[in-house]
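Asker: Before I ask anything, here is the structure I am working with.
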Amino acid sequence: MSDKPSSTSASDVWRIPLSDLDYGTEEESGVLRVLKSKWLSMGQEVQDFEREFAAMLGVKHAFAVANGTAAIHLAYLALGLGEGDEIIQPPINFVASANMTLAMGAEPVFADILSLQEPTIDPAQIAARITPRTKAVVVMHYGGYLCHMAEISALCRERGIAIIEDACHAVGARYQDAQERYPHGRMAGNLSDIGTFSFFSNKNMAVGEGGMVVTERDELAERLRRFRSHGMTTLTWDRHKGHASSYDVVLNGFNYRMDEIRAALGRAQLAKLLHNNQRRMELVRLYRAGLKKITGWKAVFADYSGESACHLQVALAPDEAARTRAAQALRQAGIQTSMHYPCITTFQAFKAYAAAEVPLSLEYAHRAITLPLYPTMTPAQVQEVCAVIAASV
Ligand SMILES: *Cc1c(COP(=O)(O)O)cnc(C)c1O
Numbered sequence: 032m033s034d035k036p037s038s039t040s041a042s043d044v045w046r047i048p049l050s051d052l053d054y055g056t057e058e059e060s061g062v063l064r065v066l067k068s069k070w071l072s073m074g075q076e077v078q079d080f081e082r083e084f085a086a087m088l089g090v091k092h093a094f095a096v097a098n099g100t101a102a103i104h105l106a107y108l109a110l111g112l113g114e115g116d117e118i119i120q121p122p123i124n125f126v127a128s129a130n131m132t133l134a135m136g137a138e139p140v141f142a143d144i145l146s147l148q149e150p151t152i153d154p155a156q157i158a159a160r161i162t163p164r165t166k167a168v169v170v171m172h173y174g175g176y177l178c179h180m181a182e183i184s185a186l187c188r189e190r191g192i193a194i195i196e197d198a199c200h201a202v203g204a205r206y207q208d209a210q211e212r213y214p215h216g217r218m219a220g221n222l223s224d225i226g227t228f229s230f231f232s233n234k235n236m237a238v239g240e241g242g243m244v245v246t247e248r249d250e251l252a253e254r255l256r257r258f259r260s261h262g263m264t265t266l267t268w269d270r271h272k273g274h275a276s277s278y279d280v281v282l283n284g285f286n287y288r289m290d291e292i293r294a295a296l297g298r299a300q301l302a303k304l305l306h307n308n309q310r311r312m313e314l315v316r317l318y319r320a321g322l323k324k325i326t327g328w329k330a331v332f333a334d335y336s337g338e339s340a341c342h343l344q345v346a347l348a349p350d351e352a353a354r355t356r357a358a359q360a361l362r363q364a365g366i367q368t369s370m371h372y373p374c375i376t377t378f379q380a381f382k383a384y385a386a387a388e389v390p391l392s393l394e395y396a397h398r399a400i401t402l403p404l405y406p407t408m409t410p411a412q413v414q415e416v417c418a419v420i421a422a423s424v
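Quick note on the numbering used here: the sequence shown kicks off at 32 and runs consecutively.
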């Protein structure tokens, strides 16, 4: 047996990683609590996690699931989307919502982003893509910054089109529109028919693999619950508690359940979320000021005044060559960067759906670079990242 450490964390590989976990004794004691309880799936921790998450969002129903992609799949299933249906969505997104669209036998229709400065889906581009086959619109609150929900809701409501929020970046973000239709600041994920979240390792709440799907609507909640667990009418927990002795299967579902260990981690992460989002916001202010001083560079969403979850800090380079130079300089300085995201219409598996013109998305994908951002990052580290970019121009 070797006595070398068997694992490395992000900060062992990179001096300043793209993201880093804020884990401590709360997460450790949560996991131990589950191990000592000897109940590993769909028990008290999952129920408490769902209740606490729903309370934070102010939403009626929340279901913990295996991952964010499962949450999106369940949303599509609950809405009954399928063959012949079109789902309008942004091409600057993680591929999950597009992949699940094809899994349903439905067709993804890509609508361009608002601008390079505000790379969320453009309501006017949604309007231009609506056909009699449009059954749903997926919006993605990129980086934690909210889409123009009042306009998108008005557009969809009058046509009976469902809205799904991919809120995987936006846990804890608040929405206030200019007309104050949501004067108390409704939370991201609770601004549409169904909201979906991911708790993958690099998200604002991290459990490893996990997710949540939420809704205000009782009939959708019932379908989400059943599709999560094989369409069964009762679960092991109910039978364990003596509430039921058998079950029926009322629809063809999946196993998208979350286990107790991850629910315990999720509860510990949820308790820190709003505080950590605040720390992210302070670092974002420093990034905006630092990037503004670099010729040709700008922080994406630099003029956003709402309460973002600040999941990502993305900078816009003057051109692709400048981005490449900056990425190389940062790598040499031990600073990790990434790209969120390649434009989905350029992927081989989506060639058949690339007919729609999305010029802003294509340009964005060539000029955007994601910089390190996590709650335990220091202001000096932000200044260092900006200094390395400034020296690369
Ligand atoms: C992470 C992410 C997903 C997928 O979540 P998983 O938990 O990895 O399945 C979907 N959409 C967006 C925007 C994401 O960031």
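Just so it is clear, CB atoms sit at the ideal spot from N, CA and C, and this is done for glycine as well.
1) Would you mind sorting Met243 into buried or exposed? The rule is 16 or more other CB atoms within 10 Å of its CB.
2) Comparing alpha-carbon positions, which option in Lys67, Asp153, Pro406, Val419 lies nearest Ala237?
3) For the region 399-416 against the region 365-373, are there 3 or more C-beta pairs whose distance is under 8 angstroms?
4) For the alpha helix (DSSP H) that contains Gly321, what are its first and last residues?
5) If you draw a straight line from the alpha carbon of Glu106 to that of Ile195, how long is it in whole angstroms?
6) For the region 217-230 against the region 61-81, do three or more pairs of beta-carbon atoms, one drawn from each stretch, fall closer than 8 angstroms, so that the two count as touching?
7) Just the Cα atoms here: how many angstroms apart are His172 and Asp279?
8) Quick check: Ala348 and Ala357, are their CB atoms within less than 8 angstroms of each other?
9) Does DSSP put Lys35 in a helix, a strand or coil?
10) Determine the burial state of Asp34: buried for a count of at least 16 other Cβ atoms within 10 Å of its Cβ, exposed for fewer.
11) I want to check one thing, is the minimum distance from the CB of Asn286 to the heavy atoms of ligand 1 below 7 angstroms?
12) So, with DSSP's three-state summary, where would you put Ser72?
13) Got a sec: does ligand 1 put a non-hydrogen atom nearer than 7 angstroms to the Cβ of Gly242?
14) At a cut-off of 7 angstroms, would you count Pro104 as near ligand 1, judging by its Cβ distance to the nearest heavy atom?
15) Any heavy atom of ligand 1 inside 7 angstroms of the beta-carbon of Asp290?
16) Could you give the residue range of the alpha helix (DSSP H) that holds Val413?
17) Pick helix, strand or coil for Lys166, following the three-state DSSP scheme.
18) Taking the alpha helix (DSSP H) that Leu2 falls in, what are its first and last residues?
19) Identify every residue that forms a DSSP beta bridge with Asn286.
20) Could you tell me which whole beta strand (DSSP E) segments of length 3 or greater appear in the region 172-250?
21) Measure from the alpha carbon of Gln300 to the alpha carbon of each residue in Cys187, Ser60, Arg259, Lys91, then state which is nearest.
22) What does the alpha-carbon distance come out to for the pair Leu186 and Arg270?
23) In angstroms, rounded to a whole number, what distance separates the CA positions of Met87 and Lys272?
24) Buried or exposed: where does Pro150 fall if 16 or more other Cβ atoms within 10 Å of its Cβ makes it buried?
25) Between Ala252 and His92, which are expected to be in contact by the criterion C-beta below 8 angstroms, what is the C-beta distance as a whole number of angstroms?
26) Please state whether the Cβ-Cβ distance between Ser392 and Asp53 is less than 8 angstroms.
27) Could you say which of Arg398, Gly203, Glu388 lies nearest to Pro373 if we only look at CA atoms?
28) For Phe381, which of helix, strand or coil comes out of DSSP?
29) Start and end of the beta strand (DSSP E) containing Ile119?
30) Based on DSSP bridge pairs, tell me the residues matched to Val96.
31) Spatial neighbours of Tyr176 within its chain, please: C-beta separation below 7 angstroms, excluding the five flanking residues on both sides.
32) So Val281 packs on Gly262, CB below 8 angstroms; how close in whole Å?
33) Near Met32, which residues of its chain fall below 6 angstroms by C-beta distance, leaving aside the five closest residues on each side in sequence?
34) Rounded to the nearest angstrom, what separates Ala320 and Leu110 at their Cα positions?
35) Can you pull the DSSP bridge partners for Leu347?
36) Per DSSP, what kind of secondary structure is Ile161 in: helix, strand or coil?
Answerer: Quick look at the numbers:
1) buried
2) Pro406
3) yes
4) 291-323
5) Checking the sequence, you will find Ala at residue 106 rather than Glu. About 7 angstroms.
6) no
7) Those two C-alpha atoms are separated by around 38 angstroms.
8) yes
9) Note that Lys35 scores a pLDDT of 47, beneath 50, so its modelled location is shaky and nothing firm can be said.
10) In this prediction, Asp34 scores a pLDDT of 48, lower than 50, which makes its location untrustworthy; the coordinate-derived value is nonetheless stated afterwards. Result: exposed.
11) For ligand 1, not one heavy atom lies less than 7 angstroms from the Cβ of Asn286.
12) strand
13) yes
14) The question names Pro, but residue 104 in the sequence shown is His. Answer for His104: no, Cβ out of range of ligand 1.
15) no
16) Note, Val413: alpha helix (DSSP H), 410-423.
17) strand
18) Only positions 32 to 424 of the chain appear in this structure, which leaves residue 2 out of reach.
19) Ser260
20) For the region 172-250, whole beta strand (DSSP E) runs of length 3 or above, ordered along the chain, are 193-197, 225-229, 242-246.
21) Ser60
22) 45 angstroms
23) Their backbone Cα atoms lie some 28 angstroms apart in a straight line.
24) buried
25) About 4 angstroms separates the CB atoms of Ala252 and His92; that is less than 8 angstroms, so the two are in contact.
26) no
27) Closest in C-alpha terms to Pro373, from the list Arg398, Gly203, Glu388, comes Arg398.
28) helix
29) 117-120
30) Gly242, Arg288
31) Thr151, Phe332, Tyr335, Ser339
32) 5 angstroms
33) Because the pLDDT at Met32 is just 41, under 50, the model does not fix this residue reliably, and the value given afterwards should be weighed accordingly. Excluding sequence positions up to five before and after Met32, its CB lies less than 6 angstroms from no other CB in the same chain.
34) 43 angstroms
35) Lys329, Ala399
36) Here Ile161 sits in coil by DSSP.
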